[in-house]
Amino acid sequence: MNNLFVLVIIIVLSAGSNNGSKLFPKNQLYFRNSFNRNYDILTVHCKSDKDDLGIHTVARSYVYFFKFGDSIFGDTEIVCTLNHGVSATKYKVTFTAYKESRFVIRFGAIKIWEARDDGIYLTDEDHDAVKMYGW
Numbered sequence: 499m500n501n502l503f504v505l506v507i508i509i510v511l512s513a514g515s516n517n518g519s520k521l522f523p524k525n526q527l528y529f530r531n532s533f534n535r536n537y538d539i540l541t542v543h544c545k546s547d548k549d550d551l552g553i554h555t556v557a558r559s560y561v562y563f564f565k566f567g568d569s570i571f572g573d574t575e576i577v578c579t580l581n582h583g584v585s586a587t588k589y590k591v592t593f594t595a596y597k598e599s600r601f602v603i604r605f606g607a608i609k610i611w612e613a614r615d616d617g618i619y620l621t622d623e624d625h626d627a628v629k630m631y632g633w
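Written as structure tokens, this is what we have:
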């Protein structure tokens with residue numbers, strides 16, 4: 499019985515760990531620049547309560563991505579600001595790119611946010627691209 503308890507504790511701690519594994523793969527967020535013109539830049543700035551991932555500039559047809567794990571407390575939320583251009587304020591959208599389910603820790607979830615000329619689209623492993631936000 500004690501061995502089973504120790505095993506359960508190790509699994510729970512691993513789930514909240516920052517170290518990814520094949521047993522508990524990290525979740526992934528992708529941001530793709532799909533603007534029509536070569537000189538159109540996508541600027542991505544994501545942060546959570548615990549981390550600010552900084553500002554990233556993504557050239558046309560390129561992708562910025564990062565991996566992360568859900569918290570065992572159910573409070574993982576990542577908010578991102580996307581700009582169509584380096585210092586654009588007219589074409590700027592801030593949204594929740596990922597929010598952890600309260601009662602389910604996810605492993606290996608993939609969300610692909612794609613910036614197009616008419617707005618921001620979301621794709622995941624189960625669905626086609628859907629327009630979520632306009633510029």
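Letter by letter, the sequence shown follows residues 499 to 633 in the working numbering. Glycine is no exception: its CB is placed at the ideal position from the N, C-alpha and C atoms. Keep in mind it's a predicted model, so treat the numbers as computed, not measured.
Inset, instruction - Express the C-alpha separation of residue 590 and residue 524 in angstroms, rounding to a whole number. - result: 28 Å
Legend entry - C-beta atoms of residue 545 and residue 584 nearer than 8 Å: no
Inset, instruction - Please state if the CB of residue 582 and the CB of residue 613 are separated by a distance shorter than 8 Å. - result: yes
Legend entry - Through-space distance from residue 609 to residue 528, alpha-carbon basis: 6 Å
Legend entry - Among 592, 572, 526, nearest to residue 562 - alpha-carbon criterion: 526
Inset, instruction - Keeping to the same chain, check which residues put their C-beta closer than 7 Å to that of residue 516; ignore five residues upstream and five downstream. - result: Confidence is the limiting factor: at residue 516 the pLDDT is only 47, short of 50, which leaves the residue's position unreliable, though a coordinate-based value still follows. Excluding positions up to five away in sequence, the list reads 567.
Legend entry - Buried versus exposed, by CB contacts within 10 Å (16 or more), residue 592: exposed
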